Amino acid sequence: MPGKLKVKIVAGRHLPVMDRASDLTDAFVEVKFGNMTFKTDVYHKSLNPQWNSEWFKFEVDDEDLQDEPLQITVLDHDTYSANDAIGKVYIDIDPLLYSEAATVISGWFPIYDTIHGIRGEINVVVKVDLFNDLNRFRQSSCGVKFFCTTSIPKCYRAVIIHGFVEELVVNEDPEYQWIDRIRTPRASNEARQRLISLMSGELQRKIGLKVLEMRGNAVVGYLQCFDLEGESGLVVRAIGTACTLDKLSSTAAFLPACNSPSKEMKEIPFNEDPNPNTHSSGPSTPLKNQTYSFSPSKSYSRQSSSSDTDLSLTPKTGMGSGSAGKEGGPFKALLRQQTQSALEQREFPFFTLTAFPPGFLVHVGGVVSARSVKLLDRIHNPDEPETRDAWWAEIRQEIKSHAKALGCHAVVGYSESTSICEEVCILSASGTAAVLNPRFLQDGTVEGCLEQRQEENLPAGCGFCHIPYDELNMPFPAHLTYCYSCRKQKVPDVLFTTIDLPTDATVIGKGCLIQARLCRLKKKAQAEANATAISNLLPFMEYEVHTQLMNKLKLKGMNALFGLRIQITVGENMLMGLASATGVYLTALPTPGGIQIAGKTPNDGSYEQHISHMQKKINDTIAKNKELYEINPPEIPEEIIGSPIPEPRQRSRLLRSQSESSDEVIELDLSHGKKDAFVLEIDDTDAMEDVHSLLTDVPPPSGFYSCNTEIMPGINNWTSEIQMFTSVRVSRLSNINLTNQTLNKNFNDLCENLLKSLYFKLRSMIPCCLCHVNFTVSLPEDELIQVTVTAVAITFDKHQAVQTTKTHVEKSLQRASTDNEELLQFPLELCTDSLGSHPFSPAKAVSVEKASPLTEGHFRQRSAPACANSTVGVVKMTPLSFIPGAKITKYLGIINMFFIRETTSLREEGGVSGFLHAFIAEVFAMVRAHVAALGGNAVVSYIMKQCVFMENPNKNQAQCLINVSGDAVIFVRESELEIISTQQPIASCQPACGGGEIAT
Amino acid sequence: MTNELDIFVGNTTLIDEDVYRLWLDGYSVSDAVGLRVRSGILEQTGATAGVLQSDTMDHYRTFHMLERLLHTPPKLLHQLVFQIPPSRQALLIERYYAFDEAFVREVLGKKLSKGTKKDLDDISTKTGVTLKSCRRQFDNFKRVFKVVEEMRGSLAGNIQQHFLLSDRLARDYAAVVFFANNRFETGKKKLQYLTFGDLAFCAELMIQNWTPGAVGEQPPDPPPYSQVDDMDVDLDKEFLQDLKELKVLVADKDLLDLHKSLVCTALRGKLSVFPEMEANFKNLSRGLVNIASKLTHTKDVRDLFVDLVEKFIEPCRSDRWPLNDVRLFLNQYSASVHSLDGFRHQALWDRYMVTLRSCLLRMYHD
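What follows is the structure, given as structure tokens:
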């Protein structure tokens, strides 16, 4: 009995009227965990019952604690007939199972019913007493922390990044069981919700076990997904990156990773005699970069042509679910060998992270991706999901071999996804091939410190751009030049990656969202034939998506893509491809050549004219975009670039290149005509269409920027005003004469119009940037295209000078100084407001804080008698891993919720739009309520992983499934922090609003 | 290609004030889009008509969902579905409960029943306020009325507490409720010149002085009869009954003459309309006192404003009394009564006249 779960039901409010005669409700509550159920008394005739129950105690295994959700059902007591259910609340108690997170869950939860939506709220208090369990063979993994965030969480330090963990569990989908024919939709929905909740609990526990096996204590970049395979079952799978994290003790501590000796962490083996002094005493390792380029990747890239062969030198333990925990003993060899072997020890050297501690990422090779088309069959034995495991293992193997071909030993920014239509399933995986620094990978700690020191001497963050593969044996044709930053190493002409822009990368101008959109019709077919047809189409789609991306990138005058995500969706009669990425101009990479149009029939005069007209238009667009995104790289004379001998002295070179560039202004803008210009051949109408579609993308209105990465390159003066949103559009295609062209146009218009709508809706936030724009496409029916977008709009300060410094100290200094400036600008207002009590205090800026509702003074005063102490605390939600202008002080646990909503009165609920609008609003509300109950005031790394919408207007029915996740956190405004640190006396300082404000 | 479904949901609910106004004014989506296009928004933002249509639909849907909560504003504060900053919540409520001057003048003093609701069509045509907006305003009146009707304590205070309105708006609603409850006639042609502000002003004074709650200290343990009479919504029956005693001021000829001479002595040389005043004194005094003595009849209570206009305002207006003269006269007229030795109901007179004087002064305009 290693755990005792205690639950108290306090009260309810705003309950629905269940008894028409009295307009009241006789409510009571059932509290269920595992197989045990408790009930409260019936509170008669009230819509705001006060149960104030005793503590219900469940004594359970910690395995159950991890798997089972706490299930709270509110019912209406009926003397004569069966009690009517009002609704349910599922509470995931996982956040209570590790020490650093929440200690109590307490607050108002929306009571949710899958047919009626939210019906009132219930106040619940949940606590867990955990007893230490020393059993080695335990099945639980309590204490392993989970983070959705795909970088090292802000108040932690990565001691070791162990690597890839994955797991999947399968089950029959209750919706497809025979019993579903006789039970109510409500019962069926609830069975599904409960099952998925159970399965994710189980999955998380199993992943946790793997992490413990690897001697880690956390999973970062945890991504869990559902595959609704229909008849053949329900798959819940998850991937993540196992890490050993160390909590930063004080808020001021921003120590580099190597400064704290790893002996603090008991769990780490092989480090019994760490040498904390090595990092300062050891000689510098010479020319690390070159060491890498000599890595034995040649042999691998040759092998890789025969794709699926076993590439790794180490023995493997089958392709099943066990992928982790095979780290061998310490190697005492050369650095590169160490890295190489440390990674090769892993079956899959993959990392789901997209942002890394400084120095972790050494080189980036490019995007690697793999897809495979599978036919779904019934999963016969849910306990051994071999087929699904084998499918994914195959794909991962392919990814790994692709990475090897690029001379890389690891894949970062790794993710997996599926698209299912009937019995066909496309499995996709993608990531960025990379060479990593072994410092964070197990036993490389000591040498890592040396390297970091060395790297700090490098002038510019261009290292990651340098090619990791062998120049003479390139895996694909590419133009290589010497790096424009250091002139020492070779770089490719363009770089595509799935990761965020590294913080030390130098960029010119701003970035922008670039999308490639593509549709391909396909014949309706069955089973094998269908799968074959899809498999045949896939390479063409990949190619075209790639070409489109490349064209659009050139059109923007940029040379690198970050956060690339290519989604291929399969439908009954078509395939859709949607690629999103953020384009930037990397200083280290060459200036992109323009796009040159070439016609096939050069003799036709009018045709020629047309071509030249198009060419002019394209050139104009490029010039316009360069201006728009402020891309004005210094011109660098050809000789320098072409010079085969790298300059020996780095620092002077940097300076020189700048001075030279100013001298060579005459050579301006001939780059379009250079040999590296991208040639577009127009040989038929298709190609013509392509060129047209290139030019139809409208730039966002002025004051707006957009990107799909965490932050927008070139903007860093964010204000605290953020607005997360989800927008969904479903479009019906007219059935007549569907061709690839019309389809492409329709899809393009759908996406463009959606973006335009977003810009319009958020116009009050200008100047503003849409960050982490995440598009998902699905094809719910024959002629329906559904596009779902989630993003966050962040306002930035146009007038404040863009700061180039990146360290915390400088930032805070700058903040302080701007605060002072504000004070000087509005001295009168300040004095009157604070009644002259403390004219120099920056407290005013704090009290106008938006996140704390109580500070809206005038309103509180006015309605004081009605709403005192019951204002709902504000909970921010963002897909980013941070909150601008604020500091995350605590991670409270992962939020992972799955909801089903169904209606049989679609028209009455405002049609499909009304139905889905209400549902999404309710999902947000439930996420916020859970976060607030944990004591948090924000969700970061929020993601809506699934939004499956099905309708049947003829039957007046609709159903929707939504799966969301994120990390619940407590944040404190930086301005408040500063005030605390300078110890100014202020009254309105609220370190953690949210839970505290919710009345009990 | 048509959009079957098109939604936008923000973590913080987006409220567009302009669209909210259009929605409150009862415009359909297409009308609202038309009006927005005319406002020049497309040129300002570079948006297309389709974008505007989608945006308007979206806001309308949000407002529609919020409407249920706006019916009981405290729910809007406590609900968890829409995250709205408090200042925005206040704005939503305040605007939702705001009403049109033209509309309120039509229904003020009418019974807030189904019958009146049927007349809304006519009111809509007459006032130019859309039927939808008329319905909302009417339903607001009715809802507020129902909630506070049976409640004890300050009327405006109750309204403010249950509907979270601003002080000003709560007092306006108190007037609406007070008028509806007492069914004061305000629709007669000769009363048309009165604005809602005039009438609300009068209502507030009457609530302050003429209701049972006005007697000052409210008994902590009220006797049973006062539960029948609401504290603020009904006129004080006892007071109305007592008002009959004032009749002596005009019935007793000596008293009337004495009163007249006191007023005339005091005002001689101070009024531009002194001769007219002197000639009309008895008529005016009779009018004012008779109004008081008849207030025991429900019918006469209803006609209070008609009577005030007919018996006092119109005679003065026809003689072109300037407002200041009216003020001087009324001050002197009520003050002089204190010097009438034979008159015993000084407190009663003050309770009546203080309110009436302010009402008359407010109502005295073209």
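Protein chains in written order, with our numbering: chain W, 8 to 1007; chain U, 28 to 393.
Every residue gets a Cβ at the ideal spot worked out from N, C-alpha and C, and that includes glycine.
None of these values were measured; they are calculated from a predicted model.
Asked                                                                                                                         : Found
Supposed close pair E790 (chain W), R736 (chain W) - CB separation, criterion 8 Å                                             : The pair is not a contact, with the Cβ atoms about 14 Å apart (cut-off 8 Å).
Secondary structure of S394 (chain U), DSSP reduced to three states                                                           : Since the first residue of chain U shown is 28 and the last is 393, residue 394 (chain U) is not available in this structure.
W725 (chain W) (DSSP reduced to helix, strand or coil)                                                                        : strand
CB contact flag (I234 (chain U), D199 (chain U), <8 Å)                                                                        : no
Amino acids of chain U, ordered along the chain, whose beta-carbon sits closer than 9 Å to that of G917 (chain W)             : R88, H91 and M92
E788 (chain W) in three-state terms, based on DSSP                                                                            : strand
Listed by chain order, chain U residues near L923 (chain W) by CB distance under 9 Å                                          : L32, I34 and V36
Secondary structure of N38 (chain U), DSSP reduced to three states                                                            : coil
6 Å Cβ shell around P774 (chain W) - same chain, five flanking residues per side excluded                                     : G710, F803 and K805
Residue span of the beta strand (DSSP E) that contains T439 (chain W), given as start and end                                 : V431 to L443
At least three beta-carbon pairs within less than 8 Å, the stretch 208 to 223 of chain W to the stretch 179 to 186 of chain W : no
W115 (chain W) at chain U interface by Cβ criterion, 8 Å                                                                      : yes
Alpha-carbon spacing of G451 (chain W) relative to P445 (chain W), whole angstroms                                            : Unreliable positioning characterises G451 (chain W) in this predicted model, as indicated by a pLDDT of 44, which lies under 50. The coordinate reading is nonetheless provided below. If I take the Cα positions, the gap works out to 5 Å.
Residue span of the beta strand (DSSP E) that contains E66 (chain W), given as start and end                                  : F63 to V67
Cβ neighbour criterion (16 or more within 10 Å) applied to F138 (chain W)                                                     : exposed
Inter-residue Cα distance where the pair is E31 (chain U) and V919 (chain W)                                                  : 8 Å
DSSP bridge partner residues for T251 (chain W) (one or two, in chain order)                                                  : W:I167
Neighbour-count burial assignment, T884 (chain W), 16 or more Cβ in a 10 Å radius                                             : Note on residue identity: the sequence assigns Met, not Thr, to residue 884 (chain W). M884 (chain W) is buried by the Cβ-count criterion.
Simplified DSSP state of E1009 (chain W), which is helix, strand or coil                                                      : Coverage of chain W is limited to positions 8 through 1007, which leaves residue 1009 (chain W) absent and any answer about it impossible.
First through last residue of the alpha helix (DSSP H) which encompasses P475 (chain W)                                       : Here P475 (chain W) belongs to no alpha helix (DSSP H), and DSSP marks it neither H nor E.
6 Å Cβ shell around Q496 (chain W) - same chain, five flanking residues per side excluded                                     : H473 and C490
Classification of R222 (chain W) by the beta-carbon crowding that lies within 10 angstroms, buried from 16 upward             : buried
The stretch 308 to 326 of chain U / the stretch 191 to 206 of chain U touching (three or more Cβ pairs under 8 Å)             : no
Separation of H409 (chain W) from S306 (chain W), as counted between CA atoms                                                 : Confidence in S306 (chain W) is poor, its pLDDT being 30 and thus under 50, which makes the residue's placement unreliable; the coordinate value appears in the next sentence. Roughly 13 Å separates the two Cα atoms.
Within 8 Å, strictly: CB atoms of L502 (chain W) and L443 (chain W)                                                           : no
Residues that DSSP places opposite I950 (chain W) in a beta bridge                                                            : W:S972
Within chain W, partners of V108 (chain U) - CB distance below 7 Å                                                            : I125, A928, E929 and A932
Interface residues of the stretch 733 to 748 of chain W facing chain U [CB-CB below 8 Å]                                      : T733, S734, V735, R736, V737, S738, R739, L740 and S741
Proximal chain U residues relative to M731 (chain W), where beta-carbon distance stays under 9 Å                              : G37, N38 and T39
Residues near R329 (chain U) by beta carbon distance below 8 Å, same chain, minus five either side                            : G136, N209, R210, F211 and E212
Selected residue, minimal CA-CA separation from D85 (chain W), among W:F35, W:K529, W:V131 and W:H123                         : W:F35
Endpoints, the beta strand (DSSP E) within which W115 (chain W) is located                                                    : I112 to D120
Paired residues, beta bridge with R736 (chain W) - DSSP                                                                       : W:V794 and U:D33
Beta-carbon proximity of L434 (chain W) to M581 (chain W), cut-off 8 Å                                                        : no
Delimiting residues of the alpha helix (DSSP H) encompassing A397 (chain W)                                                   : E393 to A412
Close beta carbons around G124 (chain W), own chain, < 8 Å, minus the five adjacent residues each side                        : R908, A925, F926 and E929
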